[in-house]
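Student: Pasting in a structure now, in structure tokens, and then I'll have a few things to ask.
Numbering (the numbering used here), first residue to last: 36 to 418.
The following block contains the structure:
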């Protein structure tokens, strides 16, 4: 067992006191994530292929091979010894940015890697029970903005929540999106969520220094001079309570009175997508599963339970199966929240979980995937 220093800004989960990118990680590897003997065999000009296969249950399967900036239809040609099969599990059609980022990632060429990327949606969205309430709040009142004007901030924590908010504005009696912008401030958890809001014409007034709910709760400015800053939080029914708990913990130093009033609306839900027979047949080839939310983790495991006939097996017994119970895949996560869900499921070895400790987002998620791919490549080399 050789210790090496991580070459990418990716952390590997231990007990979720995760080491930084400069920390040593115990793993049978060498510098750069590629065994020295294998690196000696790689031509310096080797250009990676990224081969995409879409397996959505509501659309026909399609394939695309990408080398560098060129794009061609058909089947990618690649060496099985240097090809890693990766599953991206967000909803159908929402993995494009990640796929594009992987295509141009310098780590692939450095390691001579080819990726076979399968779009395997594990989740889909449904209307939440509080969506009509949000539309009502947006509709109530006069032309100055209605009842939404009674709040100081709308807090949005995902691109899907941004889409739901924009749709609710359109559905409401509010005169325009600009009326909404003039009525209330909007806090977005990160850049991706902010871009989704701005794409719909919604102004973003605050983004925290780190794209996490805990950081947003710690850094969101209270309204100066107000006794209480009022928050409305249209969210997934499965969203954690980190923001609410963090804001409610912030009190006035003088008399320990809460300075935030918090209203949560469950405006959408994330439900598991059931894999089709065609999708299930691909699982045995997958070496890395990419998770963008705890819901995707849970949905993946539900499908693995079906594949391996584990529905009636006790949860503690499932944990004893190790990799055999998770589809025998490494987990590459967008950030700490998803990584925590993977770890707490008990169905992955802690050293098989990859995620960026800082600046969670698509770019750093791609770093995590490439880091995991390098380790899979190494295992193939030594096997």
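Ideal placement from N, C-alpha and C gives every residue a C-beta, glycine not left out.
Going by C-alpha distance, which of 208, 256, 305 is nearest residue 265?
Tutor: Here residue 265 corresponds to residue number 230 of the chain shown, with the count starting at 1. Among 208, 256, 305, the Cα nearest to that of residue 265 belongs to 256.
Student: Determine which residues share a DSSP beta bridge with residue 149 and list them.
Tutor: Within the chain shown, numbered from 1, the residue matching residue 149 stands at position 114. For residue 149, which the question treats as bridged, DSSP gives the partners 118.
Student: If we ignore side chains and look at the alpha-carbon of each, how far apart do residue 274 and residue 336 end up?
Tutor: If you number the chain shown from 1, residue 274 lands on position 239. If you number the chain shown from 1, residue 336 lands on position 301. The straight-line gap from Cα to Cα measures roughly 18 Å.
Student: By Cβ distance below 6 Å, which residues in the same chain neighbour residue 348 in space, the five residues on each side in sequence not counted?
Tutor: Counted from its first residue, the chain shown places residue 348 at position 313. Answer for residue 348: no residue qualifies.
Student: Considering just the uninterrupted stretch of the beta strand (DSSP E) at residue 287, what are its terminal residues?
Tutor: As a first step, residue 287 is located in the chain shown; it is residue number 252 there, counting from the start. First-last for residue 287: undefined, no H or E at that position.
Student: Relative to the alpha-carbon of residue 387, which residue among 344, 143, 398, 366 has its alpha-carbon at the smallest distance?
Tutor: Here the question's residue 387 lines up with position 352 in the chain shown. Selected option, being the one with the closest Cα: 366.
Student: Pick out whichever of 351, 244, 339, 161 has its Cα sitting closest to the Cα of residue 196.
Tutor: The residue given as residue 196 occupies position 161 in the chain shown. Nearest of 351, 244, 339, 161 to residue 196, Cα basis: 161.
Student: Exposed or buried, residue 234, counting other C-beta atoms within 10 Å across all chains shown (16 or more means buried)?
Tutor: Position 199 of the chain shown, counted from the start, is the residue given in the question as residue 234. By the neighbour-count rule (16 or more Cβ atoms within 10 Å), residue 234 is not buried but exposed.
Student: State the DSSP-derived secondary structure class of residue 244, mapped to helix, strand or coil.
Tutor: Your numbering for residue 244 matches position 209 in the chain shown. Correct three-state label for residue 244: coil.
Student: Whose CA, out of 146, 138, 140, 137, lies closest to the CA of residue 416?
Tutor: Within the chain shown, the letter at position 381 stands for residue 416. Of the listed residues, the one whose Cα sits closest to residue 416 is 146.
Student: Whose CA, out of 301, 362, 135, lies closest to the CA of residue 400?
Tutor: The residue labelled residue 400 in the question sits at position 365 within the chain shown. Checking every option, the nearest Cα to that of residue 400 belongs to 135.
Student: Decide yes or no for the touch test of the stretch 378 to 385 against the stretch 287 to 300: beta carbon pairs closer than 8 Å, at least 3 of them.
Tutor: The stretch 378 to 385 is not in contact with the stretch 287 to 300.
Student: For residue 186, which residues in the same chain have their Cβ closer than 8 Å to its Cβ, ignoring the five residues on either side in sequence?
Tutor: For the purposes of this step, residue 186 is taken as the residue at position 151 of the chain shown. These residues qualify, in order along the chain: 219, 265, 266, 267, 298.
Student: Only counting the same chain, and skipping five residues up and downstream in sequence, which positions put a Cβ closer than 8 Å to that of residue 105?
Tutor: Taking the first residue of the chain shown as 1, we reach residue 105 at position 70. In this predicted model, residue 105 has a pLDDT of only 30, less than 50, meaning its place in the structure is not dependable; the value taken from the coordinates is given anyway. Contacts found: none.
Student: Over what stretch of residues does the beta strand (DSSP E) that includes residue 135 continue unbroken?
Tutor: For the purposes of this step, residue 135 is taken as the residue at position 100 of the chain shown. It is not in any beta strand (DSSP E) - residue 135 instead sits in the alpha helix (DSSP H) that spans 131 to 138.
Student: At the level of alpha carbons, what is the spacing between residue 251 and residue 418?
Tutor: Locating residue 251 in the chain shown gives position 216, where the first residue counts as 1. Locating residue 418 in the chain shown gives position 383, where the first residue counts as 1. Their Cα atoms are separated by approximately 45 Å.
Student: What number of angstroms, rounded off, separates the C-alpha of residue 288 from the C-alpha of residue 244?
Tutor: Against the chain shown, residue 288 aligns to sequence position 253. Against the chain shown, residue 244 aligns to sequence position 209. Spanning the two alpha carbons is a distance of roughly 24 Å.
Student: Please classify residue 363: does DSSP put it in a helix, a strand, or coil?
Tutor: Position 328 of the chain shown, counted from the first residue, corresponds to residue 363. Note: residue 363 maps to coil in three-state DSSP.
Student: On the DSSP letters alone, give me the boundaries of the alpha helix (DSSP H) that residue 24 sits inside.
Tutor: Lying before the first or after the last residue shown, residue 24 is absent from the chain, which here runs from 36 to 418.
Student: Check whether the stretch 361 to 381 and the stretch 321 to 328 are in contact - that is, three or more C-beta pairs closer than 8 Å.
Tutor: yes
Student: Do the CB positions of residue 377 and residue 341 come within less than 8 Å of each other?
Tutor: For the purposes of this step, residue 377 is identified with residue 342 of the chain shown, where counting begins at 1. For the purposes of this step, residue 341 is identified with residue 306 of the chain shown, where counting begins at 1. Between residue 377 and residue 341, the CB-CB gap reaches or exceeds 8 Å.
Student: Whole angstroms is fine: what's the gap from residue 344's alpha carbon to residue 352's?
Tutor: Residue numbering aside, residue 344 sits at position 309 when the chain shown is read from its first letter. Residue numbering aside, residue 352 sits at position 317 when the chain shown is read from its first letter. Spanning the two alpha carbons is a distance of roughly 13 Å.
Student: Out of 139, 140, 143, 205, point me to the one whose CA is closest to residue 171's CA.
Tutor: Reading the chain shown from its first residue, position 136 is the one you call residue 171. For the residues 139, 140, 143, 205, the minimum Cα distance to residue 171 belongs to 205.
Student: Could you check what DSSP says for residue 256 in three-state terms: helix, strand or coil?
Tutor: Your numbering for residue 256 matches position 221 in the chain shown. It is coil, neither helix nor strand.
Student: If you follow the alpha helix (DSSP H) that residue 449 is in, where does it begin and where does it stop?
Tutor: The chain is shown from 36 up to 418; residue 449 falls before or after that span and cannot be answered.
Student: Could you check the C-alpha separation between residue 354 and residue 379 for me, to the nearest Å?
Tutor: As a first step, residue 354 is located in the chain shown; it is residue number 319 there, counting from the start. As a first step, residue 379 is located in the chain shown; it is residue number 344 there, counting from the start. If I take the Cα positions, the gap works out to 10 Å.
Student: Skipping 5 residues on each side, what residues in its chain have a beta carbon closer than 6 Å to that of residue 405?
Tutor: Translated into the one-based positions of the chain shown, residue 405 becomes position 370. The answer, listed in chain order, is 140, 142.
Student: Ignoring anything shorter than 4 residues or poking outside the stretch 328 to 388, list the alpha helix (DSSP H) runs there in chain order.
Tutor: If one requires a minimum length of 4 residues, the alpha helix (DSSP H) runs lying completely within the stretch 328 to 388 are 329 to 342, 350 to 354, 371 to 380, in chain order.
Student: Enumerate, from N- to C-terminal direction, the unbroken beta strand (DSSP E) stretches of 3 or more residues contained entirely within the stretch 178 to 221.
Tutor: 188 to 191
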